[in-house]
DNA sequence: ACGCCCACTTGACCTAAGTCAAGTGCCCCG
DNA sequence: CGGGGCACTTGACTTAGGTCAAGTGGGCGT
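Protein chains in written order, with our numbering: chain A, 1 to 253; chain B, 254 to 506.
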């Protein structure tokens, strides 16, 4: 058993090679020999518990983090002190990409439930990338993907009504869980209504009312944090700009 | 006799080396020898005219583009066909970063006024970056910066009222113009009220009313597309969550 | 096991901003 | 140089969603 000098997680055989997330995460598409090199710079910590920070805003940027299990939220505090949630991160997703530019974290990252993460010291990662073109490419892709997602979020916030925002959010979770081998139709929300609202630019009461409405409409079953998607198709239709107005006779008003 | 003091297009020796934007653009921080190598892969086109496309959504991604003069908007068309503006790009700014991931453009880019751009074939850029660590780093930084800006936009859209959005927008333009050597206090908007509204998630009427209000308040002078910032300090205060109501003894004005 | 707290729900009301509808005048085109 | 369209302004009205307030009940700590 090789003793990793920095942080040793005693007995678990953690390695990118046999990590189930390898196909989603940084190693995606790398030759096995290159994965080994990547492997060599990854630090793994003991599991973090709800409320622990991966990093905090204003602190020096040293590493990217990849979620291995659990979930993490990123957020900033507005001038008035209240929290603006910027994103929720599931296994296989990278955090800290916005800090490369400034060398300082621009948001804080806090785990929402017991989670484990991999730490990727960025200087070493860059060094490695300059020797492994595939890794360089993969990093460019990951950064680009993040930009695309942010752009989608901008579009969602600037033109969609509350209903569509929540439906988008749920579908995004559904798809991401599915890609990770979990159920697309049933999952536990690790974040509060407040946090969902902040993320979607809505009041928590609005989020709550929408959950109720979706349930009444038979689209979801909602039990506290336990969500069951009953009608995926209809949920998708909510997003597709439900311009049913003139379509079907909606009945007498 | 063209009296354009800034740039005359036909006869300039166009080269990153003597481009006034070099310190903002990709070459930033590169050794002169490396700038030459970068130079070698840059394609420069004749000036584009208002309405011309740099690229269109769904088209194959081949190159990044850097604005040299003029301005460019990026946008997508919603399912209902109406335009969602994603950004406005000034000289020295890069476009197409979101397409690296998918190999396909996710938005369209159209010039708002007569503009010139540099085209950077991405494959060659990547190849170059793997030999020039500084360039690789610079690319990571640029992508990261974009992520940070998108994040700022998400925060703006999800929690700021209309007033703050427009003030943010104007201050962003002001700062960007200033860094490019133009006046921070006086500039011409190259985009319509409609486009500003789309970008900020507001109706064009709201944008118009806010311009009027800012003018009435003595913060701006607005003449059609000609904006003069009369009171930069107060414009900043609009953003700073103008909760002047109860705030600590700021003293009566 | 109990009770308290806090996340959530639900209702009533209010407001910021959207929509609809006229203007107004600049700018471009003939 | 004159007409027309289009970008913009302005006003009246509507509404989605925020705010405030009052429950309700699940889960956690003792």
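Every residue gets a Cβ at the ideal spot worked out from N, C-alpha and C, and that includes glycine. Values in this document were obtained by computation on a predicted structure and should not be read as measured data.
Beta-carbon separation (whole angstroms), residue i vs residue j, contact threshold 8 angstroms
i	j	result
residue 310 of chain B	residue 358 of chain B	5 angstroms
residue 16 of chain A	residue 39 of chain A	5 angstroms
residue 167 of chain A	residue 230 of chain A	In fact, because the Cβ distance is near 13 angstroms, the residues do not count as touching under 8 angstroms.
residue 197 of chain A	residue 204 of chain A	4 angstroms
Candidates the options: closest to residue i by CA position
i	options	result
residue 302 of chain B	B:313, B:363, B:349	B:363
residue 350 of chain B	B:411, B:289, B:379	B:379
residue 423 of chain B	B:305, B:457, B:485	B:485
residue 330 of chain B	B:371, B:338, B:323	B:338
residue 122 of chain A	A:71, A:108, A:62, A:163	A:62
residue 453 of chain B	B:462, B:415, B:336	B:415
residue 67 of chain A	A:218, A:119, A:154	A:119
residue 326 of chain B	B:463, B:306, B:271	B:306
residue 398 of chain B	B:361, B:348, B:360, B:356	B:348
residue 361 of chain B	B:304, B:493, B:407	B:304
residue 115 of chain A	A:155, A:154, A:69	A:69
Euclidean distance between Cα positions of residue i and residue j
i	j	result
residue 44 of chain A	residue 386 of chain B	27 angstroms
residue 128 of chain A	residue 366 of chain B	42 angstroms
residue 130 of chain A	residue 124 of chain A	10 angstroms
residue 312 of chain B	residue 396 of chain B	21 angstroms
residue 332 of chain B	residue 165 of chain A	15 angstroms
residue 173 of chain A	residue 273 of chain B	45 angstroms
residue 300 of chain B	residue 370 of chain B	7 angstroms
residue 465 of chain B	residue 324 of chain B	25 angstroms
residue 34 of chain A	residue 294 of chain B	29 angstroms
residue 194 of chain A	residue 455 of chain B	24 angstroms
residue 222 of chain A	residue 228 of chain A	6 angstroms
residue 64 of chain A	residue 91 of chain A	14 angstroms
residue 226 of chain A	residue 18 of chain A	30 angstroms
residue 215 of chain A	residue 191 of chain A	19 angstroms
residue 490 of chain B	residue 93 of chain A	37 angstroms
residue 99 of chain A	residue 290 of chain B	28 angstroms
residue 82 of chain A	residue 460 of chain B	27 angstroms
residue 219 of chain A	residue 55 of chain A	37 angstroms
residue 101 of chain A	residue 410 of chain B	22 angstroms
residue 246 of chain A	residue 160 of chain A	Only weak support exists for where residue 246 of chain A lies, its pLDDT of 40 falling under 50; the coordinates are left without a value.
residue 209 of chain A	residue 217 of chain A	12 angstroms
residue 103 of chain A	residue 328 of chain B	30 angstroms
residue 87 of chain A	residue 276 of chain B	32 angstroms
residue 154 of chain A	residue 493 of chain B	21 angstroms
residue 224 of chain A	residue 477 of chain B	52 angstroms
Proximal chain A residues relative to residue i, where beta-carbon distance stays under 8 angstroms
i	result
residue 275 of chain B	Result: empty, since nearest Cβ-Cβ is about 18 angstroms, beyond 8 angstroms.
residue 339 of chain B	151, 154, 155
residue 493 of chain B	79
residue 359 of chain B	148, 151
Interface partners of residue i on chain A, CB under 7 angstroms
i	result
residue 390 of chain B	126
residue 351 of chain B	144, 147, 148, 151
residue 386 of chain B	130
Contacts that residue i makes with chain B (C-beta to C-beta distance below 9 angstroms)
i	result
residue 92 of chain A	Within 9 angstroms Cβ-Cβ: nothing; residue 92 of chain A doesn't reach chain B, min ~15 angstroms.
residue 76 of chain A	404, 408
Interface residues of chain B facing residue i [CB-CB closer than 7 angstroms]
i	result
residue 178 of chain A	Near residue 178 of chain A there are no residues of chain B at all, since even the closest Cβ is about 19 angstroms away, more than 7 angstroms.
residue 69 of chain A	Those within 7 angstroms of residue 69 of chain A in chain B number zero; the least Cβ separation is about 24 angstroms.
Within chain B, partners of residue i - CB distance below 8 angstroms
i	result
residue 228 of chain A	In chain order: nothing, as chain B lies at least about 27 angstroms away.
residue 158 of chain A	337, 410, 451, 452, 453, 454
Within chain A, partners of residue i - CB distance below 9 angstroms
i	result
residue 354 of chain B	140, 141, 142, 143, 144, 145, 146, 147, 148
* How about the segment 133 to 149 of chain A and the segment 29 to 36 of chain A: do they share at least three Cβ pairs that are nearer than 8 angstroms? -> In short, these stretches touch, since the Cβ pair count reaches three.
* To do: Report yes or no: do three or more beta-carbon pairs, one from the segment 427 to 434 of chain B and one from the segment 174 to 183 of chain A, lie closer than 8 angstroms?
  => Short answer: they don't touch.
* Asked: Just checking, does the segment 397 to 414 of chain B make contact with the segment 438 to 449 of chain B on the three C-beta pairs under 8 angstroms criterion?
  -> Judged by Cβ distances under 8 angstroms, the segment 397 to 414 of chain B makes no contact with the segment 438 to 449 of chain B, as fewer than three pairs qualify.
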